Amino acid sequence: MLTRSTLGMMHLMQPLQLLICVLATLAILTLTACTTPRGITSHPPVTWAIALHGGAGTLDRTAPPEELAAYRVSLQAALDVGRERASKGDSALDVAEAVVRVLENDPRFNAGRGAAFNEKGEHELDASIMDGATLQCGAVAGVRTVKNPVSLARLVMTQTKHVLLMGDGAEQFADAMAVERVPNSYFSTDRRRKMLDEVLRERAAVGPRSDAAPRNPRTTYGTVGCVVRDTHGNLAAATSTGGLTGKRFGRVGDAPIFGAGNYADGYAAISCTGTGEEFIRHSVARTVAARIAFGGQSLEQAAHTLVFNTLKKDDGGLIAINAAGNIVMLYNSEGMYRAAADSTGWQTVAIFEDDTK
Ligand code: ASP
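Sequential numbering of the sequence shown, starting at 17, is according to the numbering used here.
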């Protein structure tokens, strides 16, 4: 801050000294802005920026390197689609939907193909999308035959006056919208089938309450999401999931609940992953935006408070972006599949905390 005495000192300086002093101050300010705590990236000013996640449930570090490498390839492919669309000037909504569709089509992630099984060995998918500029939003819950639930969510937003359709009603709406349909078995993969078997075994060992399973992020979590700041300065968030492995038939998580697992306004766009019930209890996504709007907190402070103070260890994580293009990607589990990029050319793809790239 320029105080009266600093101004006085500047008055006494020679022009060259003054220039050096101003340049040194600018250098210090720039360095301070770039030095950010854990999980946080900051490269504004940018014309566009994007972050995506593939869930907070991860392979452990001892997983074969080629498996981890394959996940990085998948994350990079989704990021490339987002970068291309965002740099062309596409709207935040279009970019978020396009990226989530790529992740839904990728069997490695728990959304669309590769979705988790419920306790009956079937798939029920949840998805949502929200426009930060207008607060328009749409979501679907418990859909069973829609190949890309995020696109049906977008149609709920644009073609109905509602924000959330569920189950049979959402399926009938899909009939009317002529979106691509698949048999429920299309979503199945061997890997998720093994996870269900593991969860049901753990559950049987615990006792009669069928949903009282020990929480194991490796076997239960996964969701995909994308947050975007477009070249017009608008924000959007999209989230899609198969939900928790072994969930009760009819269970709906946080992904289609605005303010819980997904939210966007003029301050921030947020997509979450983890134990949906906890994200619903604490209205995590909306609370991040509200802390900025009403509490005067930075995006970094707001997200950090939710992930490390409000939520408990292993509950999950979130990605968030603000209108300046700042990005945070934070989690309290062992890792989170994630990637981000912005118009400066910076990009990152990471799984664990110490990933450098
Ligand atoms: N949040 C999702 C749900 O509870 C699951 C996840 O992110 O892994 O449905």
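Beta carbons: idealized from backbone N, C-alpha and C, even for Gly.
Fair warning: this is a prediction, and the values are worked out from it, not measured in the lab.
Counted as a single uninterrupted DSSP element, the stretch harbouring Thr-360 is not any beta strand (DSSP E), since DSSP gives it neither H nor E. Distance from Gly-269 to Gly-259 at the Cβ level is roughly 5 Å; contact confirmed, criterion being Cβ atoms closer than 8 Å. Proximity of the beta carbon of Ala-271 to the ligand ASP is indicated: a heavy atom of the ligand is located closer than 7 Å. Across the set Ala-340, Ala-366 and Asp-370, the C-alpha of Ala-340 shows the shortest separation from the C-alpha of Trp-64. Assignment of beta-bridge partners to Asp-76 by DSSP yields no partner. Around the beta carbon of Asp-184, fewer than 16 other beta carbons lie within 10 angstroms, which makes this residue exposed.
DSSP places Ser-144 inside the beta strand (DSSP E), whose first and last residues are 141-147.
The distance from the Cβ of Val-244 to that of Leu-251 is about 7 Å, consistent with a contact at the 8 Å cut-off. For Asp-106, the number of other beta carbons within 10 angstroms of its own is at least 16, and it is reported as buried.
Leaving aside the five residues that flank Thr-255 on each side, the residues in its chain whose CB is nearer than 6 Å to its CB run, in chain order, Ser-144, Gly-241, Ala-271, Gly-277, Asn-278 and Ser-287. The three-state secondary structure of Val-344, taken from DSSP, is strand. Take the alpha-carbon of Ser-349 and the one of Val-215: they are about 18 Å apart.
In the same chain as Gln-152, and ignoring 5 residues on each side of it, the C-beta atoms closer than 7 Å to its own belong to Met-173, in chain order. At a Cβ-Cβ threshold of 8 Å, Val-323 and Tyr-353 do not count as neighbours. Taking the Cα positions, Val-198 is about 29 Å away from Arg-99. A residue is called buried when at least 16 other Cβ atoms come within 10 angstroms of its Cβ; Ala-79 does not meet this threshold and is exposed.
Here Ala-186 carries a helix assignment [DSSP, helix/strand/coil]. The segment 67-74 and the segment 90-98 touch, with no fewer than 3 CB-CB distances between them shorter than 8 Å. Counted as a single uninterrupted DSSP element, the stretch harbouring Tyr-279 is not any alpha helix (DSSP H) but the beta strand (DSSP E) occupying residues 278-280. Across the set Ile-367, Arg-207 and Trp-362, the C-alpha of Trp-362 shows the shortest separation from the C-alpha of Ser-103. Just measuring C-alpha positions, the residue of Arg-219, Ala-127, Phe-295 and Ala-149 sitting nearest Thr-205 is Ala-127. The shortest C-alpha to C-alpha distance from Thr-161 to any of His-248, Thr-303, Ala-190 and Leu-212 is the one to Ala-190. At least one heavy atom of the ligand ASP lies closer than 7 Å to the C-beta of Phe-295. At a Cβ-Cβ threshold of 8 Å, Ile-308 and Ile-273 do not count as neighbours. For Ala-318, same chain residues with a beta-carbon under 6 Å away, outside a window of 5 residues either side, are Val-304, Arg-307 and Ile-308 in chain order.
At a cut-off of 7 Å, the beta-carbon of Asn-126 counts as near the ligand ASP: some heavy atom of the ligand is closer than that. Relative to the non-hydrogen atoms of the ligand ASP, the Cβ of Tyr-237 comes within a distance shorter than 7 Å of at least one.
Counting only residues of its own chain and dropping the five nearest sequence neighbours on each side, Ala-85 has no CB closer than 7 Å to any other CB. Here Phe-368 is bridged, per DSSP, to Gly-351.
Annotation for Asp-142 indicates a beta carbon within 7 Å of some heavy atom of the ligand ASP.
Judged by the Cβ position, Leu-260 qualifies as a neighbour of the ligand ASP at the 7 Å threshold, a heavy atom of the ligand being closer than this. The ligand ASP approaches Gly-332 closely enough that one of its heavy atoms is under 7 Å from the residue's Cβ. In the displayed model, Thr-205 falls within coil according to three-state DSSP, outside both helix and strand. Approximately 6 Å separates the beta-carbon atoms of Ala-132 and Arg-208; this is inside 8 Å, confirming the contact. Look at Thr-326 here: in three-state DSSP terms it is helix.
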